[in-house]
Amino acid sequence: MKARTGVHCTFITDVEATVPALNAWLSAADREQSQQYRQPQRRLQYLAGRGLVRWLLHRYWQMAAEDSIITRQENGAPLLLVQGQQWQCSISHSHNHAIVAVSPAAAPIGVDVERIAPRKQLVRLLRTPFMAGVDSEHLVSFFQRWTLAEAVTKAEQGLLLEVLKRSSETYLPHACFQQHSDYLLCCYSPGESCTIQQFSPP
């Protein structure tokens, strides 16, 4: 195994167009599990997430598709085993967008992607400690903080409402963000530096 530290994160903007390019990184089990979803787009999101995780493993750690197994934990979070060892991974999707992150380190990671659009109960959410300093007129700032809250929740496998009760100052230095069109993407890891790059088919 070629050692490489850090959190590597990639995203796509069209799951339907991208899934065929990920065929080599999808297992028979992935395809079978995707059939549990009735909506075609949800099936594509599921396949895109699994395929992108394995693509990252190959791109940065030279892992073959068969070197990894992706299952689910009891809480629904993905569980990634690479050559029998547990690695960190996180997957998120919104409409045609998907983002995934992978790391061999022990530190937890979390990702989130959200469309930048007016949100119900925005004023109520802005009253939470996590949103301190965010103006209701600046949706990008709000969604930067919101995606971070979601990513922290995934990393901790905790509750979003509990995260919103905290100050964001502890978490912001450990997050990276990227805006793509009208979507905001976030990757959070308290133990490793992260980068977000758009997926480019091989």
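In this note's numbering, the protein residues as written are 7 to 208. The beta-carbon is built from N, C-alpha and C at its ideal position, and this holds for glycine as well. Note that the structure is a prediction, hence the values are computed from the model and not measured.
Per DSSP, reduced to three states, the secondary structure at Asp36 is helical. The three-state secondary structure of Pro26, taken from DSSP, is helix. Taken in chain order, the whole alpha helix (DSSP H) runs of length 4 or more contained in the segment 80 to 162 are 128 to 132, 145 to 162. In the structure shown, the three-state DSSP call for Arg172 is coil.
Restricting attention to Leu32, Trp67, Arg49, Phe136, the CA atom closest to the CA of Arg56 is found in Leu32. Going by DSSP, His64 is part of the alpha helix (DSSP H) stretching over 46 to 67.
The segment 85 to 101 makes contact with the segment 51 to 66, as at least three CB pairs between them are under 8 angstroms.
By the neighbour-count definition (other C-beta atoms within 10 Å, threshold 16), Ile202 is a buried residue.
CA-CA distance, Tyr194 to Arg133, rounds to 23 angstroms.
Bridge pairing for His186: Tyr189 [DSSP]. Residue state for Ala71 is assigned as helix, using DSSP reduced to three classes.
In the DSSP annotation of this structure, Thr19 is not part of any beta strand (DSSP E), being labelled neither H nor E. Contact between Ser173 and Phe136 holds, with the beta-carbon distance rounding to 7 angstroms and staying under 8 angstroms. Under the DSSP assignment, Gln204 falls in the beta strand (DSSP E) whose first and last residues are 200 to 204. With a 10 Å radius around the Cβ and a threshold of 16 neighbouring Cβ atoms, Arg151 comes out buried.
Shown here for Leu131: same chain residues with a beta carbon closer than 7 angstroms to its own, the five before and five after excluded, namely Met137 in chain order. Looking from the CA of Ala181, the closest CA among Leu167, Ala35, Ser199, Pro46 belongs to Ser199. Spatial neighbours of Val129 in its own chain (CB-CB distance under 7 angstroms, excluding positions within 5 residues in sequence) are listed in chain order as Ser142.
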